[in-house]
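Participant: Pasting in a structure now, in structure tokens, and then I'll have a few things to ask.
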Amino acid sequence: MVYHGEGEDENSVERMPYAAAAALVRLGWHEAWAATLARAEQAGGPWRAADSSKGAEWHRKRAAKAAEAWTGLLPQWAEKPRGKRDGAEVGKAILDAARGAAEHAAAMRVGLMGQQGKGGAKRTEEAATQALDKFSAASASLKDLRLVIRRDLAQNALGVCWHCAWHAALTLEAAEEAAAEAQEDEEEEEDEEDDEGEEQEGGEDEDADDKFGDDYPGYSDDPVQEHLDAVARARALFWDDEFAWQGARLLLA
Numbered sequence: 001m002v003y004h005g006e007g008e009d010e011n012s013v014e015r016m017p018y019a020a021a022a023a024l025v026r027l028g029w030h031e032a033w034a035a036t037l038a039r040a041e042q043a044g045g046p047w048r049a050a051d052s053s054k055g056a057e058w059h060r061k062r063a064a065k066a067a068e069a070w071t072g073l074l075p076q077w078a079e080k081p082r083g084k085r086d087g088a089e090v091g092k093a094i095l096d097a098a099r100g101a102a103e104h105a106a107a108m109r110v111g112l113m114g115q116q117g118k119g120g121a122k123r124t125e126e127a128a129t130q131a132l133d134k135f136s137a138a139s140a141s142l143k144d145l146r147l148v149i150r151r152d153l154a155q156n157a158l159g160v161c162w163h164c165a166w167h168a169a170l171t172l173e174a175a176e177e178a179a180a181e182a183q184e185d186e187e188e189e190e191d192e193e194d195d196e197g198e199e200q201e202g203g204e205d206e207d208a209d210d211k212f213g214d215d216y217p218g219y220s221d222d223p224v225q226e227h228l229d230a231v232a233r234a235r236a237l238f239w240d241d242e243f244a245w246q247g248a249r250l251l252l253a
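To convert, note that position 144 of the sequence shown is 144 in the UniProt record's numbering; the numbers rise steadily by one, no gaps.
As structure tokens, then:
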């Protein structure tokens, strides 16, 4: 069923081309891992990949390439309803959303074991809030551009960015927790007088919905589920049930 929301035009874009959807998925994925790995290294927690800084830079370069591909494909779909200017605004809003979601999820869950004291916690909360503001501003921009892009398509594009971000953040948080537990076990073996019951918090924030308001998108706390949600949102960007053969193209990509 085609969705026509308030203020939407029948010429507004309902789906994007497969190539644009693929570019957006790459963008969301690499932005997410670039932000996540960079924060883990910066925080100096108990877990560090041997080449975590190299990994962040690797993802950052690929995010830039994906952003370039994404922008280059805008004339094929986003510029058709109302021209180049509005199409460019749609493209930029989604680029901002990808960066904002990635930085927000990373600040919420990654590197918290390396943040010492209230000052560190405050800086982390400020970073999470600022990044969420960026994501929210991008979402608001897309609402204003409803004559160009339909609500469902905008929400699916934002969803790809959001779920990729949380998949990366939750995955690395789990690695940090495992490393912290292993480190504690090592210390207990070396010194039996160490406190066996001492635990380090992984930075979970169960009151995020309350902290950020009713419009907060939320997350599942399960990196696998976030990955599945990202895939579902990505499929909806270009999928048309009228042409079932598109599924073959997705599987071969």
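We treat Cβ as the ideally placed atom computed from N, Cα and C, and that holds for glycine.
Please read these numbers as outputs of a predicted model, since none were measured by experiment.
Please classify V13: does DSSP put it in a helix, a strand, or coil?
Facilitator: Here residue 13 refers to the residue found at position 13 of the sequence shown. Correct three-state label for V13: strand.
Participant: Classify A140: buried if its beta carbon has 16 or more other beta carbons within 10 angstroms, exposed otherwise.
Facilitator: The count along the sequence shown starts at 1 and reaches residue 140 at position 140. Exposed.
Participant: Answer yes if the region 28-37 comes into contact with the region 157-177, meaning at least three C-beta pairs across the two stretches below 8 Å, and no otherwise.
Facilitator: In short, these stretches touch, since the Cβ pair count reaches three.
Participant: Just to confirm before moving on: does the CB-CB distance between R150 and V25 stay below 8 Å?
Facilitator: Counting from one through the sequence shown, the residue named residue 150 turns up at place 150. Counting from one through the sequence shown, the residue named residue 25 turns up at place 25. It is not a contact, given that the beta carbons lie outside the stated cut-off.
Participant: Are the CB atoms of A21 and L153 nearer to each other than 8 Å?
Facilitator: By one-based count along the sequence shown, residue 21 stands at place 21. By one-based count along the sequence shown, residue 153 stands at place 153. In this structure, L153 does not lie closer than 8 Å to A21 by Cβ.
Participant: In or out: Y216 buried (at least 16 other Cβ within 10 Å) or exposed?
Facilitator: Position 216 of the sequence shown, counted from the start, is the residue given in the question as residue 216. Per the 10 Å Cβ criterion, exposed.
Participant: Given 8 Å as the limit, is there contact between the region 102-112 and the region 53-62, that is, 3 or more CB pairs closer than that?
Facilitator: No: fewer than three Cβ pairs fall under 8 Å.
Participant: Along the chain, where does the alpha helix (DSSP H) containing R235 start, and where does it finish?
Facilitator: Within the sequence shown, numbered from 1, the residue matching residue 235 stands at position 235. First-last of the alpha helix (DSSP H) with R235: 223-238.
Participant: Compute the beta-carbon to beta-carbon distance between E176 and M113, rounded to the nearest angstrom, for a pair I have assumed lies under 8 Å.
Facilitator: Position 176 of the sequence shown holds residue 176. Position 113 of the sequence shown holds residue 113. So it is a contact: roughly 6 Å between Cβ atoms.
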